[in-house]
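Quick note, the sequence shown lines up with residues 0 to 106 if you use numbering that gives the first Met the number 0.
Notes follow the structure.
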Amino acid sequence: MTLVDLEPAARCMTDLVTSVSDEQLEGPTPCSETCVGDLLDHIGGLTLAFTAAARKAEVEGGAQAPAADASRLGADWRTRIPNDLAVLVRAWRDPEASTGMTEAGGV
């Protein structure tokens with residue numbers, strides 16, 4: 000089985016994440032109930048969930064993440080999310096990631 004290399008997508012996401020200014024965090028997204036900061040929190044959470052899925056592990060706090068919330072971003076989000084994306088890429092490069100069953104976000 001040929002695995003998809005997630006590095007190009009992770010690199011693109013890293014560029015997007017690190018380009019967001021503090022002033023943009025409260026900006027709108029196409030989802031009227033979600034601001035940019037909420038979306039970044041969602042991206043960070045999904046990154047952890049899919050890393051755990053590659054490892055056949057559970058995400059801290061349970062499988063179903065709470066609703067996206069910019070107040071959970073923390074001061075380090077510009078470095079933490081890119082670092083977590085790099086870990087995600089490495090996790091899915093492990094041949095064990097493509098064996099057996101796994102789930103992410105309750106799916």
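All C-beta atoms in this analysis are idealised placements derived from N, C-alpha and C, irrespective of residue type, glycine included.
Margin query: Strictly by DSSP, which residues pair up with Pro27?
Written below: Cys34
Note to self: Here's the rule: buried if 16 or more other CB atoms are within 10 angstroms of the residue's CB, otherwise exposed. What is Thr50?
What the structure shows: buried
Margin query: Using only the alpha-carbon positions, how far apart do Ala96 and Ala52 sit?
Written below: 8 Å
Item checked: Buried or exposed (CB count within 10 angstroms, at least 16 for buried), Cys34 -> buried
Note to self: Can you give me the C-alpha to C-alpha distance between Val3 and Trp91, rounded to a whole angstrom?
What the structure shows: 9 Å
Item checked: Straight-line Cα distance separating Lys55 from Val102 -> First, the residue type needs correcting, since residue 102 is Glu and not Val in the sequence shown. In a straight line, the C-alpha of Glu102 is about 8 Å away from that of Lys55.
Notebook entry, point to check: By a C-beta neighbour count over all protein chains shown, 10 Å radius and 16 as the cutoff for buried, is Gly44 buried or exposed?
Noted result: buried
Checklist line | Backbone secondary structure at Arg77 - three-state DSSP | finding: helix
Margin query: Given this structure, state the Cα-to-Cα distance separating Gly99 from Ala67, to the nearest angstrom.
Written below: 29 Å
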